Amino acid sequence: MSVKGILLDLDDTLYKYEETHQVALNTALELIHNKHAIDMQSVVEAFNFAKQKLKSILPNVAANHSRILYFQLMLEHLQIKPIPHAYDVSHVYWDVFLNNMILTEDATQFLDKYKDIPICLLTDLTAEIQYRKIEKLGLTKSIDFIVTSEEAGVEKPHPFMFKRALTKLKLSTDEVIMIGDNYKKDIVGANLLGIKSFWINRNGKGSSGISNCCTEVKSLAQVNFK
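In this text, residue positions in the sequence shown follow our numbering: the first is 237, and each later residue adds one.
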């Protein structure tokens, strides 16, 4: 297989999203807890309620990841005026998040190894935040294109996300590979179009069945297609 382009996930593929998110979220929730004298359990429950409510209102679009909307709905649920607090808490969250992001060692090695092959990031979230992550992680010279769910109007595994990336790379399905950590979103989405993929399964997660188009690996260091 001659690979002429790489479709690459960002969150939890190039850096540890969950760990970074928890640090940022804990800081944001503690701010609300301290500023408004609300017990921490109620704060956490309100956040979880707000997150699920937003995802039910806005399914499968980039806005359902919006932290400022999470915090707005959360504060409204707690009967606290969201203006200006939702904006302030959102900024604290993202400042802490971005300052705690670290590119994984295997990601650094992978990007250097395949630096001559064009890369298009394929990612579910709003464009501005993902661009800030790219800048913070020092990826501006490594990434050639990006497709966000905000741009596409849909989220992975919708085929339009992948087709949009192919259009930008000016390549066909048999000339690219998809690499990501989320089997349902990254791998199933790619395989539905016949795009070969590498599933980064760092934690040994189970799946309903590995496609013939998919190669399962434990890290980016094990990805090899040259």
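Just so it is clear, CB atoms sit at the ideal spot from N, CA and C, and this is done for glycine as well. For clarity, every value in this text was computed on a predicted model and none was experimentally measured.
Please look up how many angstroms separate the CB atoms of residue i and residue j, rounded, as I've assumed it's under 8 Å.
{"i": "Val359", "j": "Ile338", "result": "In the sequence as displayed, the identity of residue 359 is Thr instead of Val. Thr359 to Ile338, Cβ: 18 Å. No contact."}
{"i": "Phe434", "j": "Val412", "result": "With a Cβ gap of about 12 Å, Phe434 and Val412 do not count as contacting."}
{"i": "Val297", "j": "Gly442", "result": "Contact doesn't hold; Cβ gap of about 28 Å is too wide."}
{"i": "Lys289", "j": "Asn300", "result": "Not a contact, Cβ separation roughly 10 Å."}
Please tell me whether residue i and residue j are closer than 8 Å, where the distance is taken between their beta carbons.
{"i": "Lys421", "j": "Pro395", "result": "no"}
{"i": "Phe283", "j": "Leu305", "result": "no"}
{"i": "Arg438", "j": "Asp417", "result": "yes"}
{"i": "Leu311", "j": "Ala322", "result": "yes"}
{"i": "Ile268", "j": "Val325", "result": "yes"}
{"i": "Ile464", "j": "Thr263", "result": "Because residue 464 is not part of the residues shown, which for the chain are 237 to 462, the question remains open."}
{"i": "Leu401", "j": "Leu246", "result": "In the sequence under discussion, the amino acid at residue 401 is Ala, which differs from the Leu named in the question. In this structure, Leu246 does not lie closer than 8 Å to Ala401 by Cβ."}
{"i": "Ala260", "j": "Tyr329", "result": "yes"}
{"i": "Phe398", "j": "Leu375", "result": "no"}
{"i": "Asp342", "j": "Ser455", "result": "yes"}
{"i": "Leu334", "j": "Lys372", "result": "yes"}
{"i": "Thr362", "j": "Ser408", "result": "no"}
{"i": "Gln308", "j": "Pro295", "result": "no"}
Which residues mark the beginning and the end of the beta strand (DSSP E) in which residue i is found?
{"i": "Lys466", "result": "There is simply no residue 466 to check, as the chain begins at 237 and stops at 462 in what is shown."}
{"i": "Val453", "result": "450 to 453"}
{"i": "Gly425", "result": "Run containing Gly425: none in the beta strand (DSSP E); it sits in the alpha helix (DSSP H), 424 to 427."}
{"i": "Leu244", "result": "241 to 244"}
So, with DSSP's three-state summary, where would you put residue i?
{"i": "Ile293", "result": "helix"}
{"i": "Val390", "result": "coil"}
{"i": "Val412", "result": "strand"}
{"i": "Ile379", "result": "coil"}
{"i": "Val332", "result": "helix"}
{"i": "Ile365", "result": "helix"}
{"i": "Asp360", "result": "coil"}
{"i": "Thr344", "result": "helix"}
{"i": "Asp324", "result": "helix"}
{"i": "Leu456", "result": "helix"}
{"i": "Ile355", "result": "strand"}
Looking at the unbroken alpha helix (DSSP H) that takes in residue i, where does it start and where does it end?
{"i": "Val259", "result": "253 to 272"}
{"i": "Leu309", "result": "303 to 313"}
{"i": "Leu402", "result": "395 to 405"}
For the region 349 to 358 and the region 370 to 387, state whether three or more C-beta atom pairs, one from each stretch, are separated by less than 8 Å.
yes
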